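Novice: Numbering (the working numbering), first residue to last: 45 to 326.
First the structure, which I've put down as structure tokens, then a few questions once you've had a look.
Here it is in structure tokens:
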């Protein structure tokens, strides 16, 4: 496995693979790799001739009060983990490589980017779609892999690919969880032991709502109150958002029917937690 730091070198490697007829599986990450990322790499390895993992902490998706400076960075560790799963190349550019002087173009998916998480973090998804579109042009993947934990992000990227007719397939794989159900995330490294114990309540609240739906509950307002009560039993957790939306359009639902996504966001100390659950309502 090799680490590539320059955009031109990555483009040349991708062009060589393409000329040979090789397929490219791509896993974009911001590093601090965990089992969730590794599950995506394994899927890419099973399904493609070449596997590329990007490690790039994207400044465009962080707001002025967010944790860009604190975000964990350990490229040697990430490279070892990626190599252990059969990655061929880790693409780890500097910000100056991705956004050279004078770069002023941004990619934005209107509508989907401005609700839910986007309403709480203005500009966040514009940064995500800009970097993902840029990475797609550099790496030229056959398939790109994302986790369901970032559900809105995955929906937005799918729409961007559809609207721009980008020649890449987007695969969204199930969330990988800790033993207590907490969705794995690079940000959890900053939780204290007490905070980590409390964080598992998010998944318990989601599954409680799912149980209520299967028992016949169809009122999204009552479900949101149920989720909120459970989360707020933990003294350090602060609920930021609870939404029950159509799984495709992300529009809030007035009554539950078909496939819905239950999305939650909460703050625990200095760490922001998000999670979701898809439920088929029959």
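Ideal Cβ placement from N, Cα and C applies to all residues, glycine included.
Because the structure is a prediction, the values reported are computed rather than measured.
Taking 8 Å as the threshold (C-beta atoms), are residue 69 and residue 189 in contact?
Specialist: It is a contact, given that the beta carbons lie within the stated cut-off.
Novice: Starting from residue 267 and walking both ways along the alpha helix (DSSP H), at which residues does that stretch end?
Specialist: Unbroken alpha helix (DSSP H) run through residue 267: 264–275.
Novice: Apply the 10 Å Cβ neighbour rule to residue 273 and answer buried if 16 or more other Cβ atoms are within range, or exposed otherwise.
Specialist: So residue 273 ends up on the exposed side.
Novice: Could you give the uninterrupted runs of the beta strand (DSSP E) lying entirely in the segment 211–265, keeping only those of 3 residues or more?
Specialist: Counting whole runs of 3 or more residues, the segment 211–265 contains the beta strand (DSSP E) stretches 213–217.
Novice: Looking at the structure shown, is residue 169 part of a helix, part of a strand, or coil, going by DSSP?
Specialist: It is helical.
Novice: Keeping to the same chain, check which residues put their C-beta closer than 8 Å to that of residue 239; ignore five residues upstream and five downstream.
Specialist: For residue 239, where only same-chain residues beyond five positions count, the Cβ hits under 8 Å are 280, 312, 313 and 315.
Novice: For residue 284, does the three-state DSSP call read helix, strand or coil?
Specialist: In the structure shown, residue 284 sits in a strand (DSSP, three-state: E or B).
Novice: In whole angstroms, give me the CA-to-CA distance for residue 53 and residue 297.
Specialist: Spanning the two alpha carbons is a distance of roughly 47 Å.
Novice: Could you tell me whether the Cβ atoms of residue 92 and residue 230 are closer together than 8 Å?
Specialist: No, the pair does not count as a contact, with Cβ atoms beyond the cut-off.
Novice: Pick out whichever of 310, 47, 261 and 234 has its Cα sitting closest to the Cα of residue 122.
Specialist: Nearest option by C-alpha distance: 47.
Novice: Quick one: residues in its chain with C-beta nearer than 6 Å to the C-beta of residue 301, no 5 flanking neighbours on either side, listed in chain order?
Specialist: Answer for residue 301: 325, listed in chain order.
Novice: Between 219, 212, 158 and 118, which has its C-alpha nearest residue 84's C-alpha?
Specialist: Cα-wise, what sits closest to residue 84 is 219.
Novice: Count the other CB atoms within 10 Å of the CB of residue 292; is the residue buried (16 or more) or exposed (fewer)?
Specialist: With fewer than 16 Cβ atoms within 10 Å of its Cβ, residue 292 is classed as exposed.
Novice: Rounded to the nearest angstrom, what separates residue 347 and residue 260 at their Cα positions?
Specialist: Any answer about residue 347 is impossible in this case: the structure gives the chain only from 45 up to 326.
Novice: Rounding to the nearest angstrom, what Cα-Cα distance links residue 96 and residue 86 in this structure?
Specialist: Whole-angstrom Cα-Cα distance: 11 Å.
Novice: By Cβ distance below 8 Å, which residues in the same chain neighbour residue 299 in space, the five residues on each side in sequence not counted?
Specialist: 262, 263 and 264.
Novice: Using the three-state DSSP reduction, which class does residue 207 fall into: helix, strand or coil?
Specialist: Helix, per DSSP.
Novice: Which of the three DSSP states is assigned to residue 47 in this structure?
Specialist: In the structure shown, residue 47 sits in a strand (DSSP, three-state: E or B).
Novice: Using a Cβ-Cβ cutoff of less than 6 Å, which residues in the same chain neighbour residue 66 once the five nearest sequence positions on both sides are dropped?
Specialist: For residue 66, where only same-chain residues beyond five positions count, the Cβ hits under 6 Å are 93 and 94.
Novice: Can you tell me whether DSSP reads residue 73 as helix, strand or coil?
Specialist: Strand.
Novice: Going residue by residue through the segment 56–115, where are the continuous alpha helix (DSSP H) segments of at least 4 residues, counting only ones entirely within it?
Specialist: Entirely contained in the segment 56–115, the alpha helix (DSSP H) runs reaching 4 residues are, in chain order, 79–91.
Novice: Straight-line CA distance for residue 153 to residue 203?
Specialist: C-alpha separation (whole angstroms): 7 Å.
Novice: Taking only the alpha-carbon atoms, compute the straight-line gap between residue 308 and residue 253 and give it to the nearest angstrom.
Specialist: Roughly 12 Å separates the two Cα atoms.
Novice: When you compare each of 49, 198, 205 and 250 to residue 186 by their alpha carbons, which one comes out closest?
Specialist: Residue 186 has its Cα closest to that of 205, out of 49, 198, 205 and 250.
Novice: Could you please give the first and the last residue of the uninterrupted beta strand (DSSP E) stretch that includes residue 191?
Specialist: Segment 187–191, the beta strand (DSSP E) holding residue 191.
Novice: Quick one: give me the first and last residue of the alpha helix (DSSP H) that residue 125 is part of.
Specialist: From DSSP, the alpha helix (DSSP H) with residue 125 extends over 119–128.
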